[in-house]
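**Student:** One gets this note's numbering by counting positions in the sequence shown from 1 and adding 844 to each.
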Amino acid sequence: MSTAESGYIEECLPRDTQFGRIRMDGWRQVIVANLDILLIIFAARHPTLNLRMLDRFLVTAEASDVEPVICINKLDLAKFENVQRELSLYEELGYKVVYTSIVTGVGVEELREVMQDRISAIVGSSGVGKSSLLNVVQPGLRLRTGEVDTRIHKGRHTTTEVMLLPLEFGGFVADTPGIRTLGLLEIDEEQGLDIHFPEMRSYIPECKFAACTHQHEPACAVKRAIETGNISPDRYESYLRISGFKEGRYERNTDKRKTDRNTRRRKR
Ligand SMILES: Nc1nc2c(ncn2[C@@H]2O[C@H](COP(=O)(O)OP(=O)(O)OP(=O)(O)O)[C@@H](O)[C@H]2O)c(=O)[nH]1
Ligand SMILES: [Mg+2]
Ligand SMILES: [Zn+2]
């Protein structure tokens, strides 16, 4: 163990938590295991802040029992009040939101506090500034950073592999390559998708049907909560989209639909 210069695997620890996704080609990819924190990074601008994608990341974190922290980078490119207004819903839901910029240095210390003595992974689209932020959080890392295409405002996938990096102030952080699509890996069909939306949890037991999908069922408490303004229609829209994601792990109605079809066939 003392001749650690070339490095070898001492032990493979069991995976308590894992963050991963189902890629477009169907491969179940585990990106990082045994995480404490998932740092979900978006840029305030360039590339565009995508709340629909944020919801997917949040569901993944909830489902894998990893604490999500939202980080909005490139604050220097936008008006703070506008960005904060867009994120206010998430702060109300109890998610921690850190606003950062490598240009002004705002939020960097707060990010260090989040990461200290924890194992975290920084995830998000290409070009949002994941590697740039880590270079500022932990000087000396010298991670390669890329340009954002000025025409389409997308990154160019500069980071190509996951790297677990030690932090001098304590802890480890994994830099990861930009993610284009996030097929959900961790959704347990028995448990359902709804419980990964914190604002839905208290309403779920009040739906008339125990297996309510909150889509077409009568006397649905979740839909009522949307009507009364207690659940955001945007978050509900994300719920609907994720639940219909065929390549993802969630198709709660599949069996039922099959049975319905069979029954119909038999009747004919
Ligand atoms: N204006 C501004 N630009 C930033 C900021 N942070 C990063 N950038 C720029 O954004 C571009 C992309 O940064 P990267 O750190 O390579 O982005 P990444 O998320 O690691 O991208 P991938 O490795 O491709 O996934 C670089 O040109 C950075 O200089 C910021 O806070 N403000
Ligand atoms: Mg990078
Ligand atoms: Zn319902």
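Ideal Cβ placement from N, Cα and C applies to all residues, glycine included.
#1: Please state the DSSP three-state secondary structure of V942.
#2: Closest by CA to A965, which one among K923, C915 and H997?
#3: Between which two residues does the alpha helix (DSSP H) harbouring A922 extend?
#4: Measure from the alpha carbon of V958 to the alpha carbon of each residue in H890, R1079 and G1014, then state which is nearest.
#5: Under the rule that 16 or more other beta-carbon atoms within 10 Å means buried, what is K1090, buried or exposed?
#6: Among L919, H1040, H1001 and V992, which one has its Cα closest to the Cα of R1024?
#7: Would the beta-carbon of V972 be found less than 6 Å away from any heavy atom of ligand 1?
#8: I need the straight-line Cα distance from R988 to E936, nearest angstrom please.
#9: Who are L1084's beta bridge partners in DSSP?
#10: Work out the CA separation of L1008 and T1103 for me, nearest whole Å.
#11: Name the one or two DSSP bridge partners that E911 has.
#12: Please work out which residues of its chain come closer than 8 Å, Cβ to Cβ, to L1157, disregarding the five sequence neighbours upstream and downstream, and give them in chain order.
#13: If we count the other Cβ atoms within 10 Å of its Cβ and call it buried at 16 or more, is L879 buried or exposed?
**Tutor:** Taking the coordinates as given:
#1: Correct three-state label for V942: strand.
#2: Minimum Cα distance to A965 is reached at C915.
#3: Per DSSP, A922 is not a residue of any alpha helix (DSSP H), being assigned neither H nor E.
#4: Cα-wise, what sits closest to V958 is G1014.
#5: Residue placement at K1090 cannot be trusted, given a pLDDT of 36 that sits under 50; what the coordinates show is reported in the next sentence. Exposed: under 16 other Cβ atoms inside 10 Å.
#6: Just measuring C-alpha positions, the residue of L919, H1040, H1001 and V992 sitting nearest R1024 is H1001.
#7: Flag set: Cβ of V972 near ligand 1.
#8: Roughly 35 Å between the two C-alpha positions.
#9: Under the DSSP definition of a beta bridge, L1084 lacks any partner.
#10: No answer about T1103 holds up, because its pLDDT of 38 lies below 50 and its placement is not dependable.
#11: Per DSSP, I881.
#12: Look at the range of the chain in this structure, 845 to 1112, and you will see that residue 1157 is not part of it.
#13: Flag for L879 reads buried.
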